[in-house]
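Note that numbering that gives the first Met the number 0 has the sequence shown beginning at 0, numbered continuously upward. For each residue, glycine too, the CB sits at the ideal point set by N, CA and C. In this text, all values refer to a predicted model and were calculated from it rather than measured experimentally. Let me begin by presenting the structure, written as structure tokens, before commenting on it.
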Amino acid sequence: MAPSQQPTGNRMTRRAAIATVASVGAASLAGCFGSDDGDGLSGEIQASGSNTVAPITQVAAEDFEAEYSGVGVNVEPEGTGAGFQEFTRANSAFQSASRAITEEEIELAEENDVEYTSYTVGQDTLAVGVNEDNDWCDEITLDELNEIWEFESDIEQWSDVRDDWPDEDIALHARDSASGTFDYFTENINGEMGNIRDDYSATSQTDEIWDAVEDNEYALGWGGVGHLRSLQDQDGTLQTVDVESDMDGEFYPPEEEYIEGGEYSPLARPLFFYFNHASLEEEPDLIGSFARFYINNQHEFAEEVGFYRAPDEHIVENHDQLESVLADIDYDPDDLTVERQDP
Numbered sequence: 000m001a002p003s004q005q006p007t008g009n010r011m012t013r014r015a016a017i018a019t020v021a022s023v024g025a026a027s028l029a030g031c032f033g034s035d036d037g038d039g040l041s042g043e044i045q046a047s048g049s050n051t052v053a054p055i056t057q058v059a060a061e062d063f064e065a066e067y068s069g070v071g072v073n074v075e076p077e078g079t080g081a082g083f084q085e086f087t088r089a090n091s092a093f094q095s096a097s098r099a100i101t102e103e104e105i106e107l108a109e110e111n112d113v114e115y116t117s118y119t120v121g122q123d124t125l126a127v128g129v130n131e132d133n134d135w136c137d138e139i140t141l142d143e144l145n146e147i148w149e150f151e152s153d154i155e156q157w158s159d160v161r162d163d164w165p166d167e168d169i170a171l172h173a174r175d176s177a178s179g180t181f182d183y184f185t186e187n188i189n190g191e192m193g194n195i196r197d198d199y200s201a202t203s204q205t206d207e208i209w210d211a212v213e214d215n216e217y218a219l220g221w222g223g224v225g226h227l228r229s230l231q232d233q234d235g236t237l238q239t240v241d242v243e244s245d246m247d248g249e250f251y252p253p254e255e256e257y258i259e260g261g262e263y264s265p266l267a268r269p270l271f272f273y274f275n276h277a278s279l280e281e282e283p284d285l286i287g288s289f290a291r292f293y294i295n296n297q298h299e300f301a302e303e304v305g306f307y308r309a310p311d312e313h314i315v316e317n318h319d320q321l322e323s324v325l326a327d328i329d330y331d332p333d334d335l336t337v338e339r340q341d342p
């Protein structure tokens, strides 16, 4: 894993962020929305979307609220797919996403006259994990993953995958269909978004996947590596499986050097946020300043909660794109309360 930035002030670990996100909506609604107390910004921002990216957005929201006490950012992590359903109907200003918007979602946004832009704010990696007592599956091919997880798969026991693996049922655990992680995995492993067997244990919470794998010698799961690493740090009872690369056919663990080098493919992925241009036009300083604050600090936010930083050029591209949108609505980017900071 990439080393985390040294935290400043009262900041959360990834594990704490994940636990907090589940209840943050009510807390934000109850106590965060206030009046402008002279620090330059006030109002509320609705942020929907990905459970995976929510910890990054939550840390950004808490830091922004600490800087501007009249602002409340309500983070509602219902999943990327469910979040896009809200976002493309203009029901939220910000959308965290663990995959890019789909053609169907683009059409829905067009039907509802929702204009938006997307911003790359970090990188995540999907891991394939097994129990610590699993001493047979230390690497797996992309074809084997497909055979296990494809729709109407006939794989039931480990020995159905390889003859020398145990004659024991595989207990399968993974994300549910509301998740961008689900969409990404099924598209990249099974060739089509949503193509997956229907007899596995599905959940919206990645930590539940790894908890189940931790408890069963014959379990296999996939999900975000950050959650898995946090459990490994606690008691070391989970292990990752090296996955075949579609770049060179070799097997690699989900580790920083192979993610940044491109070898851990196709299971490494970018993370995004989107924002609604109408919300920006209605409250340019509030929405624009939050977007700029997020971009300024995206490396720190991502690394603090266990993800990898996106390349520096994404920060520059993000800032340039935000300023272009502001110019389109005749708002001077220099008038934002938050100043731009390039890497």
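Open item on the list: How far does the alpha helix (DSSP H) with residue 209 in it extend, from its first residue to its last?
Closed with: That run of the alpha helix (DSSP H) goes 205-213.
Open item on the list: For the structure I just gave you, are there three or more beta carbon pairs, one from the stretch 79-89 and one from the stretch 37-56, closer than 8 angstroms?
Closed with: Contact between the stretch 79-89 and the stretch 37-56 is established, with three or more Cβ pairs separated by less than 8 angstroms.
Task: When 246, 250 and 60 are compared against residue 239, the one with the closest alpha-carbon - done: When each option's Cα is compared against that of residue 239, the closest is 250.
Task: Contacting residues, own chain, Cβ-Cβ under 6 angstroms from residue 56 (five flanking each side not counted) - done: Taken in chain order, the residues that qualify are 46, 74 and 95.
- [ ] Figure out for me which residue from 208, 221 and 217 has the closest Cα to the Cα of residue 185.
- [x] That would be 221, whose Cα lies nearest to the Cα of residue 185.
Task: Spatial distance of residue 191 from residue 318 (CA atoms) - done: In a straight line, the C-alpha of residue 191 is about 33 angstroms away from that of residue 318.
TODO: Sort 159, 180, 40 and 340 by Cα distance to residue 123 and report the nearest one.
DONE: For the residues 159, 180, 40 and 340, the minimum Cα distance to residue 123 belongs to 180.
Open item on the list: Once DSSP output is grouped into helix, strand and coil, what is the label at residue 301?
Closed with: Judged by DSSP in its simplified three-state form, residue 301 adopts helix.
Task: Separation of residue 211 from residue 312, as counted between CA atoms - done: Distance from the CA atom of residue 312 to the CA atom of residue 211, rounded to whole angstroms, is 39 angstroms.
Open item on the list: Going by DSSP, what residue range makes up the alpha helix (DSSP H) through residue 286?
Closed with: If you look at residue 286, you'll find it in the alpha helix (DSSP H) that goes 283-295.
- [ ] Return the bridge partner residues of residue 220 from the DSSP annotation.
- [x] According to DSSP, residue 220 bridges with 128 and 172.
TODO: Report yes if the C-beta distance between residue 159 and residue 216 is below 7 angstroms; otherwise report no.
DONE: When the beta-carbon positions are compared, residue 159 and residue 216 stay at least 7 angstroms from each other.
TODO: Would you check if the distance between the CB atom of residue 58 and the CB atom of residue 270 is smaller than 7 angstroms?
DONE: With a cutoff of 7 angstroms on beta-carbon distance, residue 58 and residue 270 are scored as not near each other.
Task: Residue closest to residue 116, alpha-carbon to alpha-carbon, out of 333, 324 and 107 - done: Nearest neighbour of residue 116 by Cα position, chosen from 333, 324 and 107, turns out to be 324.
Task: From 153, 101 and 264, residue whose alpha carbon lies closest to that of residue 253 - done: Distance from the Cα of residue 253 is smallest, within the candidate group 153, 101 and 264, for 264.
Task: Bridge partner(s) assigned by DSSP for residue 202 - done: BP columns for residue 202 point to 174.
Open item on the list: DSSP three-state label for residue 269, please.
Closed with: Three-state DSSP puts residue 269 in a strand.
Open item on the list: Can you tell me which residues form a DSSP beta bridge with residue 108?
Closed with: In DSSP, residue 108 forms no bridge with anything.
TODO: Look at residue 290 and residue 266 and say whether their C-beta atoms are less than 7 angstroms apart.
DONE: Not a contact, by the Cβ cut-off of 7 angstroms.
Open item on the list: On a Cα-Cα basis, can you pick out the residue from 295, 341 and 282 that is closest to residue 329?
Closed with: Taking the Cα of residue 329 as reference, the smallest distance to any Cα among 295, 341 and 282 is reached at 282.
Task: Classification of residue 272 by the beta-carbon crowding that lies within 10 angstroms, buried from 16 upward - done: Counting the other Cβ atoms within 10 Å of the Cβ of residue 272 gives 16 or more, which makes it buried.
Open item on the list: Once the 5 residues before and after residue 104 are set aside, which same chain residues still bring their CB inside 6 angstroms of it?
Closed with: For residue 104, where only same-chain residues beyond five positions count, the Cβ hits under 6 angstroms are 83 and 87.
TODO: With a threshold of 16 other CB atoms inside 10 Å of the CB of residue 161, please say whether the residue is buried or exposed.
DONE: In this structure residue 161 is exposed. Its beta-carbon is surrounded by fewer than 16 other beta-carbon atoms within 10 angstroms.
TODO: Return the residue from the list 76, 303, 302 and 70 that minimises the CA-CA distance to residue 178.
DONE: When each option's Cα is compared against that of residue 178, the closest is 76.
- [ ] Going by DSSP, name the residue or residues bridged to residue 123.
- [x] DSSP lists 268 as the bridge partner or partners of residue 123.
- [ ] Mind reading off the beta-carbon distance from residue 97 to residue 199? Whole number of angstroms is fine, and I expect it under 8 angstroms.
- [x] Incorrect: roughly 19 angstroms between the Cβ atoms, too far for contact.
Task: Beta-carbon separation (whole angstroms), residue 92 vs residue 113, contact threshold 8 angstroms - done: No, residue 92 and residue 113 are not in contact; Cβ-Cβ is about 11 angstroms, not under 8 angstroms.
- [ ] Reducing DSSP to helix, strand and coil, say where residue 80 ends up.
- [x] In the three-state reduction of the DSSP assignment, residue 80 falls in the helix class.
Task: Rounded straight-line distance, which links the Cα of residue 223 to that of residue 306 - done: Taking the straight line joining both Cα atoms gives about 9 angstroms.
Task: residue 57 (DSSP reduced to helix, strand or coil) - done: Assignment of residue 57 by DSSP, reduced to helix, strand and coil, places it in the helix class.
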